[in-house]
Amino acid sequence: MIFMLSMMIPYQATLIPLFRMMVNFNLLNTYFALIAPQLFFPFAIFLMRQNFLSFPSSLIEASRIDGAGELKIFWSVVLPSMNPALAATSIYLFMMQWNNFMWPLVATTSKEMYTIPVALSSLIGISMIDYGQIMVGITIATIPIIIFFLMLQKQFISGMLGSAVKE
Numbered sequence: 453m454i455f456m457l458s459m460m461i462p463y464q465a466t467l468i469p470l471f472r473m474m475v476n477f478n479l480l481n482t483y484f485a486l487i488a489p490q491l492f493f494p495f496a497i498f499l500m501r502q503n504f505l506s507f508p509s510s511l512i513e514a515s516r517i518d519g520a521g522e523l524k525i526f527w528s529v530v531l532p533s534m535n536p537a538l539a540a541t542s543i544y545l546f547m548m549q550w551n552n553f554m555w556p557l558v559a560t561t562s563k564e565m566y567t568i569p570v571a572l573s574s575l576i577g578i579s580m581i582d583y584g585q586i587m588v589g590i591t592i593a594t595i596p597i598i599i600f601f602l603m604l605q606k607q608f609i610s611g612m613l614g615s616a617v618k619e
């Protein structure tokens, strides 16, 4: 219940404590500061937990009867069947991180560390906006998302077709 309540905290409310933590650890303006806070996103953890809880325990028990240890069961039985959930979580986290504007704006101080959304916003001037540059930048920014999705699309299809377990 506490974990679910943590999902209700607005993202903007976490920016100042996260910024202070990065300053205290001297991690401001580093790639670690850009990537790490988004890896532990509560929704992704909740999504994976729900998928692991829905895994049929009969397969785990059958593996134990066959003599497999807990680590072997996890790596060879449970994890391969979680590929659709891992793919969905990966796509979700990648899109959240790729399109994130607020945290990279706060966590970076040099133009070399800007992410694409922050760099695109810097193209908008006070008196003039070059729409051609912005549209080219947006088009280029969508290419990695499409490629990442196409790479993991196979996981969705195999999950829909092959994950039916008869009990």
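With the working numbering, letter number 11 in the sequence shown gets 463, and the count goes up by one each step, no holes. Note that CB positions come from ideal geometry on N, CA and C, so glycine has one too.
query: Please go through the same chain and pick out, in chain order, the residues whose beta-carbon is closer than 6 Å to the beta-carbon of residue 515, but skip the five residues on each side of it.; result: 525, 529
query: If you follow the alpha helix (DSSP H) that residue 529 is in, where does it begin and where does it stop?; result: Careful: residue 529 lies outside any alpha helix (DSSP H) and carries neither H nor E.
query: Work out the CA separation of residue 538 and residue 519 for me, nearest whole Å.; result: 27 Å
query: Tell me, please, whether the stretch 482-493 touches the stretch 569-576 by the rule of three or more beta-carbon pairs shorter than 8 Å.; result: no
query: Taking three-plus beta-carbon pairs below 8 Å as touching, is the stretch 502-515 in contact with the stretch 581-595?; result: no
query: Quick one, which of 469, 508, 464, 568 has its alpha-carbon nearest residue 547's?; result: 568
query: Measure the Cβ-Cβ separation of residue 490 and residue 552 and say whether it is below 9 Å.; result: yes
query: Tell me the rounded alpha-carbon separation between residue 531 and residue 479.; result: 33 Å
query: If I'm right that residue 625 touches residue 562 with Cβ under 8 Å, what's the distance once you round it to whole angstroms?; result: Within the shown structure, residues of the chain are numbered from 453 to 619, placing residue 625 beyond reach of any answer.
query: Can you give the Cα-Cα distance for residue 597 and residue 509, rounded to whole angstroms?; result: 35 Å
query: Among all the DSSP beta bridges, which residues are the ones paired with residue 454?; result: Its beta-bridge partners do not exist; DSSP assigns none.
query: Output the distance between the C-alpha atoms of residue 457 and residue 557, rounded to the nearest integer angstrom.; result: 27 Å
query: Based on Cα-Cα distance, which residue from 495, 550, 565 lies nearest to residue 594?; result: 550
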